[in-house]
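Colleague: Everything in the first sequence is counted per numbering that gives the first Met the number 0, starting at 0 for the first residue and increasing by one. Right, I'll just put the structure down here and ask away after.
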Amino acid sequence: MNKIRVRFAPSPTGPLHIGGVRTALYNYLFAKKNNGTFILRIEDTDQTRYVPGAEEYIKKSLAWLGLNPEEGPDQGGEYGPYRQSERKELYGQYAKKLVDMGYAYYAFDTPDELDKWRKKMTAAGVHSPKYDHSTRMSMNNSLVLGKEKALQMIKEGVPFVVRLKVPENETIVFDDIVRGNVSFNSNELDDKVILKADGLPTYHLANIVDDYFMKITHVIRGEEWLSSTAHHVLLYRYLCWEDSMPRFAHLPLLLKPVGKGKLSKRDGAKFGFPVFPLSWESDNPEDNFIGFKEFGFLPEATINFLALLGWNPGNDEEMFELEELIKSFSLDKIVKSGARFNIDKAKWFNQQYLLKKSDEEFAELIKPWIEKEGFNFVEEDLVKIAGLMKPRIELLPEIIEKGKFFFTDDFDYDEKIVRKKWKSPNKDHVIELKGKLANLENFIKKEIENIIKGYIEDNNLSFGNIFPLLRVAVTGTTKGPDLFDTMEILGKNKVLLRFDAAFDRFESIVK
RNA sequence: GGCCCGUUCGUCUAGGGGUUAGGACGCCAGGUUUUCAUCCUGGUAGCAGGGGUUCAAAUCCCCUACGGGCUGCCA
């Protein structure tokens with residue numbers, strides 16, 4: 000069997016959607032699993048939609064996730080170039096060849112004319128007018144004009160496109176790895192444009208030509224391509240490449256968390272979570288998107304989550320890092336139906352991976368977020384803080400909202416608790432306790448604990464009345480890691496100052 | 001509208017003629033904890049509907065409904 004070769008072929012029209020990332024992932028996994036080659040090909044044939052920076056974004060996204068192509072625009076390879084705009088000459092050649100063989104024809108209908116034609120047809124009751132076997136003979140093309148005349152027009156510089164001449168009354172069948180046999184009646188297919196007036200190919204032609212020359216063995220792509228696969232099969236046949244036609248695997252789409260339709264780029268803003276791997280900045284603020292990375296996701300969690308959205312290993316396991324995914328991956332376990340994008344599961348995965356990190360690793364991960372806030376910290380303390388905060392964090396930036404008190408005195412107090420508990424005798428005990436802590440020479444967890452617990456026990460107090468006040472005084476909140484650990488990290492000085500500040504504040508709150 | 005694809009707990013999914021329909025997230029309850037979180041235990045909830053085929057259907061077939069995709073000189 001020939002060596003497996005797959006490609007991820009995005010268009011640089013903007014940031015790479017998370018669904019595209021999953022497509023890349025599956026291609027990558029399939030390649031690695033089978034000792035094959037994972038190729039990146041940039042499909043930049045639509046110059047009107049080209050967005051500068053998008054190609055760079057795609058590469059950075061793949062790199063962040065560890066999905067590194069072996070061949071591509073940056074890596075090179077013996078089947079390059081890997082940018083379609085750099086392969087321009089190739090496509091025209093094959094478009095012409097198809098025309099010469101009678102499998103395609105030149106068409107001169109302008110976009111404007113087609114638009115008007117469609118409107119007219121629609122008005123006449125045709126639901127979606129198609130340029131196909133039933134209408135092509137009433138259009139402006141070489142089939143009605145005659146080849147001579149058409150060639151003449153082309154020579155004179157009349158803009159033209161090349162359309163595939165879809166045969167009549169044929170059943171086109173292909174065996175999709177995910178969906179099994181899929182068949183189309185050719186009468187339903189339109190005469191797709193394969194070469195545009197600007198001389199560049201459309202997806203359909205470019206794809207077939209490139210896949211053929213790049214020796215692609217499996218085309219793993221989104222379901223949105225299923226409908227046009229019949230055209231692609233025709234192209235392979237007419238070009239006499241049917242023997243090396245790749246196998247197709249059409250992936251189910253990612254759907255909106257709620258409501259109808261597939262996941263769209265706007266859903267991120269709408270639901271408050273990312274639908275892109277990395278953040279994307281553009282001139283138009285409406286087109287600024289936050290990424291999984293910037294949202295606080297780990298690449299391994301993102302991968303794990305994505306992998307399981309439309310694929311499963313066939314057993315109950317669900318924690319998979321890239322290497323394990325490679326071992327377990329198989330195309331036949333891909334699910335057929337679309338999957339709703341559910342961020343809760345993604346967060347859970349993130350937490351699982353965060354929990355696996357050592358305190359040192361976790362400290363490094365939260366550091367950028369803390370620095371971003373402009374907070375200062377002692378390296379050694381940060382590792383301790385990391386250990387305390389790790390089980391409490393699902394997304395990295397939560398270190399700020401949940402652990403702010405480690406880094407600054409500027410935090411709000413939980414007023415509800417203060418109002419409820421800041422009264423005698425509770426408050427007198429707390430003030431008394433502060434005095435005892437002030438006398439403590441060795442301000443370490445064990446000692447602090449002895450003082451506080453001893454005091455509460457000696458005076459027969461309830462933990463529930465004293466502890467929340469201590470906690471809120473020092474951290475502002477009743478939630479958080481072990482208070483004695485926290486105090487030790489903060490240090491005696493800071494803790495005492497916080498008590499003083501808190502007592503003042505508490506008084507004005509209860510007033 | 002037409003064509004193609006799909007439909008198992010709220011969500012992701014296992015199961016592909018005989019199962020108490022399994023797991024995970026979420027949610028709820030209990031336990032642990034100074035609180036929160038982690039962790040542990042338990043619970044909640046599903047085969048879209050209708051016809052067939054069969055001794056037996058979540059599983060095979062048909063119809064309907066619903067959902068998704070496509071229907072561009074976009075990919």
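Yeah, the Cβ is synthetic: ideal placement off N, Cα and C, and Gly gets one too. These figures come from a predicted structure and were not determined experimentally.
#1: So I583 is in the alpha helix (DSSP H); what residue range does that whole segment cover?
#2: Can you tell me where the beta strand (DSSP E) with S182 in it begins and where it stops?
#3: Let's test the definition: count the other Cβ atoms within 10 Å of the Cβ of R418 and tell me whether it reaches 16, buried, or not, exposed.
#4: Could you give the DSSP three-state label for L163: helix, strand or coil?
#5: Within its chain, find whatever has a CB closer than 7 Å to the CB of S281; leave out the 5 residues flanking it on each side and keep chain order.
#6: Does DSSP put W421 in a helix, in a strand, or in coil?
#7: For G337, which of E506, G79, K259 and S133 has the nearest alpha-carbon?
#8: Can you tell which of V161, D45 and K332 has the C-alpha that lies nearest to the C-alpha of G98?
#9: Report back the beta-carbon spacing between L15 and P276 to the nearest angstrom; my notes put them in contact at under 8 Å.
#10: Candidates E167, A94 and E299: which alpha carbon is nearest T134's?
#11: Is the beta carbon of I508 sitting closer than 8 Å to the one on F483?
#12: Take the Cβ of F405 as the centre, count every other Cβ of all protein chains shown within 10 Å, and call the residue buried at 16 or more, exposed below.
#13: Within 8 Å, do at least three Cβ pairs link the region 33–49 to the region 292–312?
#14: Quick one: what's W279 bridged to in DSSP?
#15: Could you give the residue range of the alpha helix (DSSP H) that holds Y27?
#16: According to the neighbour-count rule (16 or more other Cβ atoms, all chains shown, within 10 Å of its Cβ), is N375 buried or exposed?
#17: Give the secondary structure of H132 by DSSP, where H, G and I count as helix, E and B as strand, and everything else as coil.
#18: So for N349, helix, strand or coil by DSSP?
#19: Between E187, A248, H203 and N186, which lies nearest to L194 when the distance is taken from Cα to Cα?
#20: Measuring alpha carbon to alpha carbon, tell me which of K292, K261 and Y235 ends up nearest R339.
#21: With distance defined between alpha-carbon atoms, name the residue in A196, L324, L381 and A472 nearest to Y90.
#22: Please list, in chain order, all residues of the same chain as D481 whose beta carbon is under 6 Å from its beta carbon, the five residues on each side excluded.
#23: Do the region 216–229 and the region 50–64 meet, that is, are 3 or more Cβ pairs less than 8 Å apart?
#24: I'd like to check one pair, D358 with V382: are the Cβ atoms closer than 8 Å?
#25: Could you have a look at V5 and say whether DSSP puts it in helix, strand or coil?
#26: Express the C-alpha separation of K164 and M120 in angstroms, rounding to a whole number.
#27: Leaving out five residues before and five after E378 in sequence, what residues of the same chain have Cβ atoms less than 6 Å from its Cβ?
#28: Just how far apart, CA to CA, sit P251 and L468?
#29: Would you check if the region 172–179 and the region 224–231 touch, i.e. whether three or more CB-CB distances between them fall below 8 Å?
#30: Run through DSSP, which three-state label would W310 get?
Modeller: For this structure:
#1: Nothing can be reported for residue 583: it is not among the residues displayed for the chain, which extend from 0 to 510.
#2: G179 to N184
#3: exposed
#4: strand
#5: N287
#6: coil
#7: K259
#8: At residue 98 the sequence reads Val, which differs from the Gly that was named. The shortest Cα separation from V98 among V161, D45 and K332 belongs to V161.
#9: 6 Å
#10: E167
#11: It is not a contact, given that the beta carbons lie outside the stated cut-off.
#12: buried
#13: no
#14: F288
#15: I17 to K32
#16: exposed
#17: coil
#18: helix
#19: H203
#20: K261
#21: In terms of Cα proximity to Y90, the closest of A196, L324, L381 and A472 is A196.
#22: So no residue of the chain qualifies.
#23: no
#24: yes
#25: strand
#26: 21 Å
#27: none
#28: 53 Å
#29: Enough Cβ pairs lie closer than 8 Å, so yes.
#30: strand
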